[in-house]
Amino acid sequence: MATTVKIVARPAGIRRQSYLIAVVEGMWVTFRHLMKNWTGNVLGRRAKTDIATLSYPEQKKAYPERNRGLHRLMKRDDGQVRCVACMMCPTVCPAHCITIVPEESPNGGIEKRPRIFEIDELRCVVCGLCVEACPCDAIRMDTGIHASPTLRRGDAILDKEELLSRGDKSTAVQGGAGPFWRIRSR
Ligand code: SF4
Ligand code: SF4
């Protein structure tokens, strides 16, 4: 296949050839925003400025209803974990950050439950596929909490106890009847 070369003409005129003018223009834009923010903060004229900034963490913006926050494990009526260790979520997880070690459930051996359930929040890409894949509303990401920075990698691995501490009784009903299972409950 023949390749062609396109010769681009040098820009004409001092304004196009000199980068100094563009630098000055950029600095002017930065200075204008600086003054706008400064007068908005110092003189209490925030409402009159059009720069949307927030003094985080003193001010926090409300997350949208479908925000994906830190994971939590939901509970049954008796407070036990809803998860039946079906392994759907670690199978679908694209980041391979869910670790489950199943064990036999004490309810007659007809179900499994997780002996170990861990999520590495540093590897999680917050895709929400684990929540979608779960057949029994056992895992949710509707906490509205985002992962905190950690000094040690191991601190970002959430274990079953921590995931359950944010858990709540599920609205799901065996067989799919009952209220819409995604109704927010905290
Ligand atoms: S949100 Fe996505 S990446 Fe994170 S644990 Fe669930 S499936 Fe894995
Ligand atoms: S998909 Fe749900 S029930 Fe299955 S292992 Fe994951 S959390 Fe447990």
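Residue numbers (the working numbering): 1344 to 1529.
Backbone N, C-alpha and C fix where the C-beta goes; we use that ideal spot for every residue, glycine too.
Item, Value
"Per DSSP, R1415 is paired with what?", "R1483"
"Where in the region 1428-1492 do unbroken runs of the alpha helix (DSSP H), each at least 4 residues long, occur, reported from the N-terminal end onward?", "1431-1435, 1472-1476"
"Compute the minimum distance between the beta carbon of V1444 and the heavy atoms of ligand 2, and state whether it is under 7 angstroms.", "no"
"Let me know if R1483 comes out buried or exposed under the rule of 16 or more other beta-carbons within 10 Å of its beta-carbon.", "buried"
"Going by the CB atoms, is the gap between H1414 and L1501 shorter than 8 angstroms?", "yes"
"Looking only at its own chain, which residues have a Cβ that is under 8 angstroms from the Cβ of K1418, when we skip the five neighbours before and after it?", "V1424, R1425, L1507, G1510, D1511, K1512, S1513"
"Are there 16 or more other CB atoms within 10 angstroms of the CB of F1374, so buried, or fewer, so exposed?", "exposed"
"Going by the C-beta, is A1481 closer than 7 angstroms to any heavy atom of ligand 4?", "No copy of ligand 4 appears in this structure; the ligands present are ligand 1 and ligand 2."
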